[in-house]
Structures are given as C-alpha cells and as structure tokens.
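To start, the structure under review is shown below, and the notes come after it.
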Amino acid sequence: MPSPSSRISGISPSGKDGWEVHFAAYKRQAAGEDILMLSVGDHDFPTPSATVEACVKALREGHHHYTPLPGLPRLRQAIARLSTESTGVETTASEILAMSGGQSALFAAAHGVLDPGDHAVVVAPYYATYPGTFRSAGAAFTILEASAEDGFEPRAQALEQAVRPNTRAVLINTPNNPTGAVYSRETLEGIAEICCRHDLWLLSDEVYWTHCGMDGGRKHISPRGLPGMKERTLVINSLSKSHGMTGWRIGWLTGPADFIRLLINLNLVSTYGLNDFVSHAAIAALENGYGVTEIAAVYNARRTAFLKEMRGLNEIVVRGSEGGMYVMLDIRAVDPDCERFAWRLLDTEKVAVMPGASFGEAAAGHLRISLCQPEDKLRDAAARLRRFIATYPVEKTA
Ligand SMILES: Cc1ncc(COP(=O)(O)O)c(C=O)c1O
Numbered sequence: 005m006p007s008p009s010s011r012i013s014g015i016s017p018s019g020k021d022g023w024e025v026h027f028a029a030y031k032r033q034a035a036g037e038d039i040l041m042l043s044v045g046d047h048d049f050p051t052p053s054a055t056v057e058a059c060v061k062a063l064r065e066g067h068h069h070y071t072p073l074p075g076l077p078r079l080r081q082a083i084a085r086l087s088t089e090s091t092g093v094e095t096t097a098s099e100i101l102a103m104s105g106g107q108s109a110l111f112a113a114a115h116g117v118l119d120p121g122d123h124a125v126v127v128a129p130y131y132a133t134y135p136g137t138f139r140s141a142g143a144a145f146t147i148l149e150a151s152a153e154d155g156f157e158p159r160a161q162a163l164e165q166a167v168r169p170n171t172r173a174v175l176i177n178t179p180n181n182p183t184g185a186v187y188s189r190e191t192l193e194g195i196a197e198i199c200c201r202h203d204l205w206l207l208s209d210e211v212y213w214t215h216c217g218m219d220g221g222r223k224h225i226s227p228r229g230l231p232g233m234k235e236r237t238l239v240i241n242s243l244s245k246s247h248g249m250t251g252w253r254i255g256w257l258t259g260p261a262d263f264i265r266l267l268i269n270l271n272l273v274s275t276y277g278l279n280d281f282v283s284h285a286a287i288a289a290l291e292n293g294y295g296v297t298e299i300a301a302v303y304n305a306r307r308t309a310f311l312k313e314m315r316g317l318n319e320i321v322v323r324g325s326e327g328g329m330y331v332m333l334d335i336r337a338v339d340p341d342c343e344r345f346a347w348r349l350l351d352t353e354k355v356a357v358m359p360g361a362s363f364g365e366a367a368a369g370h371l372r373i374s375l376c377q378p379e380d381k382l383r384d385a386a387a388r389l390r391r392f393i394a395t396y397p398v399e400k401t402a
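In the numbering used here, the protein residues as written are 5 to 402.
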C-alpha cells in the first residue's frame, strides 16, 4: 500500500499504549476464565431506562435526519444550562459545541488552539488519549508530573517552569482519571494565574464533575469560573460518566462564542453533526437529569467501601481517590514495578487492574482500580489483593 501520513502513524508511535494487562485479561475472560475486571472505566450498569425510552420514542417519531452542525438548538440550550451549573459561569447556547463524546471535544480543543510546532503542557497522571491527541495536532508537549506526595495536584511553580515561548495551552483534568484527585481552589488559582500571565488557553477536562463532593468530600471547581478565565478556558465535558451514557457518544466543548463559531467548521468536515435520535435522548437526559444523582451516589458508595478495605493495609497508601470513577493505590512498598505487580496479580488472583505507569511517570508504582464493579465484587477484589500482597514474592536486588 502507499505510505500512510505521518500524522496518523505518529499518534501512537511506540505501539505500546499501557493497556497490555487489560487486553490480555479481556482475552482470557472472553476465553472463559473468571477474571475480575477492574481495568476499564465503563459503567457495569445500563443507561437509565428513561433515557433509553426517550431514544426509542425519538426513533419512532422519525428523528432520523441530519442535525445542525453545532447540535440541535434545544440540545445546545440544555447543555448550556448544565455548563452554567458545572462551571459556575452563566453560559449561552452560542458558547457550546455539541460533539460525539468528550474525546471529540478534546480533539477539537487541541486542534482549535494549536498549530503544528506549537507547544502545550499536559499535567500527568493523565487520561491515556492525551498525548496522542496532541500528536495528531502536530503539537509538541511537555508532561508535567504532579507527584503522588502532592496528592497528584500540580504545583504552579513547576507549571511556570514548563512554559516556553511557543506554549499555547495547558491541559488539566479534575476530577482526575486515573488518580481520582479533585483539584483544590488554590491549585486551580495557581494554574489560572499562569495562564493569564502567559496568555495561554486552559483545556479543562471535567467529564467526572458529578463524581465528587458527596459526604463532605471535596467539591468540583471549574477554572472557567475563576477571574479572567472565561475567555481562555475550554471545558471538555460529556454525558458518558455523569448520565451513564458512554456508548451514546454525546459530549461538548464550552468556550468563547467566537471560538466556538470557528470550530463549527470541524464538525462540518469531520462528523457533519450528531445523530438525530441520540440528540433527542440526550435532551431528555439533560432536561430531566436522568440518573445523575443515583450514578454519583453509586460510585461514592463503592469508593467508600473499597477504600475502607484498603486503608487498613500497612503496605498500601491511598493517593488522590477523592472523586471520579477510580482509586489509586501506592504499592511501592510492595513492589516499585507496578507493571510486574499487575501481571502477577492477574495470573495469581485473576484480578485485572491498570498499572499506574500507563498514565505517566508520576503514577508509576501505583495501581489504578476502576470502581466499575458492584460493591460485593470490589470487596472480593480487596480480599484478593490483601491475600496477594501477604505472599508477594520479594525480589532479590543485585
Ligand atoms: C478524563 C477523561 N476524559 C475524557 C474521556 C472521554 O470520554 P467520552 O469520550 O466518553 O466522553 C474519558 C473517558 O474515559 C476520560 O476518562
């Protein structure tokens, strides 16, 4: 075949993407092995039935056609209301671009603010698609490691040092995947001050915004609501995590209306707009808040139950783990090599977890545990982990 573009070949240049343990576990499960999968971030329950019914109704009513490029007006309005709530900033429909999932919004944001050769700062531990998204835009980026000892929140001083003359954007994610860290106001103010001073865009991935703040936990703060930030913040959000709609592929970007107007062209040349009946289901889900409170409560209860089991273990330190759909366990006292630990855990106890190193250097020596399993399975996983750690082979170092 003729050679593919370097843009496409360059998205995952190493071929290794950190998902090796997960895919091996998935294959073994498909072959009939009883594997406890704690490696993926997809709900173990279906989309709320009211949303499903709204979709069926929309199909029956004939919503089978093209939709306006930035999203149906009523969908943009419903998203704008949610954006007002989630960011604390009055938002209009003209500041919303509806897209197929938060990932599309992230792609649009990266392509909307970075030219080839521009530079961005990506805070790690990060969601696995971030580097590839910037590579696809031809941009250079610096990974800024937020350390485990800082609860995986980035320090403003370190961000300042990462900024170069050609830096155009910073990407953050709170509540965070993989760490579950929920950034404090102080952290966000430090980031915001640097963005304002260096005239940078802030790409703020807030897809887990409903998954924190219960039982006195730290509440989500959007940097869009901080002084001087509305005009330079692009919020990435979606219905995947908050409304239990991962497979429906509905997300959006919130940003300045002039920027959104330009970016509509990306929908023109890529997707030509969203699916009609799914858009109607999304409107119903947004206007009625189907599932939002219940889903957030489920993950909160799971996090509490799993961490209760883990906190009693001397060898394990819980880091971050305040929100989102994951907890992060520091296993360095047992084995500094989290990949080796994860493979052995899979082989010995048939539990699949993500090695923290898949998400950047700062998360090395950690395990990301997905809470996308019922509480009894999470308790079972905790028991298996405890048993595994108690007999873990200690390596002889030369
Ligand atoms: C931090 C983060 N951002 C964005 C996404 C993309 O989600 P979606 O495209 O389903 O909205 C995910 C999915 O797991 C995520 O964890």
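Glycine residues also receive a C-beta, built at the ideal position from the N, C-alpha and C atoms.
In DSSP terms, what residue i is bridged to
i, result
"Ser374", "Tyr330"
"Ala144", "His123"
"Glu99", "Looking at the DSSP assignment, Glu99 forms no beta bridge with any residue, so it has no partner."
"Asn177", "Asp209"
"Glu37", "DSSP, once it has assigned bridges, lists no residue as partnering Glu37."
"Met358", "Arg372"
"Leu238", "Leu207"
"Ala171", "Contrary to the premise, residue 171 reads as Thr rather than Ala in this sequence. DSSP output for Thr171 lists His123 as bridge partner(s)."
"Gly255", "Met103 and Ser242"
"Glu149", "Ala128"
Cβ shell of residue i (< 7 angstroms), same chain only, five flanking positions each side left out
i, result
"Ala394", "none"
"Ser347", "Residue 347 is actually Trp in this sequence, not Ser. If we look at Trp347 and ignore the five residues flanking it on each side, its Cβ neighbours are Val25."
"Ala337", "Glu319"
"Ala402", "A caution first: Ala402 carries a pLDDT of 40, below 50, which makes its placement in the model too unreliable to give a value."
"Val357", "Leu42, Ser43, Ala346, Leu349, Leu371, Arg372 and Ile373"
"Val436", "No answer is possible for residue 436: it lies beyond the span of the chain, which begins at 5 and ends at 402."
"Lys223", "Cys216 and Gly217"
"Ala97", "Pro77, Arg80, Gln81 and Ala84"
"Arg139", "Gly14 and Ile15"
"Lys234", "Val93 and Arg228"
Distance cut-off 7 angstroms: residue i Cβ against heavy atoms of ligand 1
i, result
"Asn177", "yes"
"Thr250", "yes"
Cβ neighbours of residue i in the same chain (closer than 6 angstroms, five flanking residues each side left out)
i, result
"Gly259", "Leu238"
"Asp339", "Phe345"
"Asp209", "Asn177 and Ile240"
"Ser362", "Gly22"
"Arg388", "Glu353 and Val355"
"Val126", "Tyr134, Phe145, Ile147 and Leu175"
"Gly194", "Ala160"
"Pro378", "none"
Chain-order list of residues whose beta-carbon lies under 8 angstroms from that of residue i (same chain, five-residue window excluded)
i, result
"Lys400", "Below a pLDDT of 50, predicted positions are generally treated as unreliable, and Lys400, at 45, falls in that range; no measurement from the model is reported."
"Tyr330", "Gly45, Asn181, Pro182, Thr183, Gly184, Arg372, Ile373, Ser374 and Leu375"
"Glu291", "Ala82"
"Asp334", "Ala152, Ile320, Val321, Val322, Arg323, Gly369 and His370"
"Gly232", "Ala196 and Cys200"
"Ile100", "Pro74, Gly75, Arg80, Ile83, Ala84, Ser87, Trp256, Leu257, Thr258 and Ile264"
Endpoints, the alpha helix (DSSP H) within which residue i is located
i, result
"Ser283", "Asp280 to Asn292"
"Arg4", "Because the chain spans 5 through 402 in this model, residue 4 falls outside it and cannot be assessed."
"Thr352", "Cys342 to Glu353"
"Val56", "Ser53 to Arg64"
"Ser13", "Ser10 to Ser13"
"Thr275", "Counting along the chain, Thr275 falls outside any alpha helix (DSSP H), and DSSP gives it neither H nor E."
"Val117", "Gly106 to Val117"
"Arg80", "Pro77 to Thr91"
"Arg323", "Where Arg323 is concerned, there is no enclosing alpha helix (DSSP H), although the beta strand (DSSP E) it sits in stretches over Val321 to Arg323."
"Asp367", "First, the amino acid is wrong: residue 367 is Ala here, not Asp. First-last for Ala367: undefined, no H or E at that position."
"Asp384", "Glu379 to Ala394"
"Ala162", "Ala160 to Ala166"
Segment limits, beta strand (DSSP E) that includes residue i
i, result
"Thr308", "Note, Thr308: premise wrong, no beta strand (DSSP E); alpha helix (DSSP H) at Val296 to Arg315."
Using only Cβ atoms and a threshold of 5 angstroms, which residues come within that distance of a heavy atom of ligand 1? Order them by chain position. Gly45, Gly105, Gly106, Gln107, Tyr131, Asn177, Asn181, Asp209, Val211, Ser242, Ser244 and Gly255
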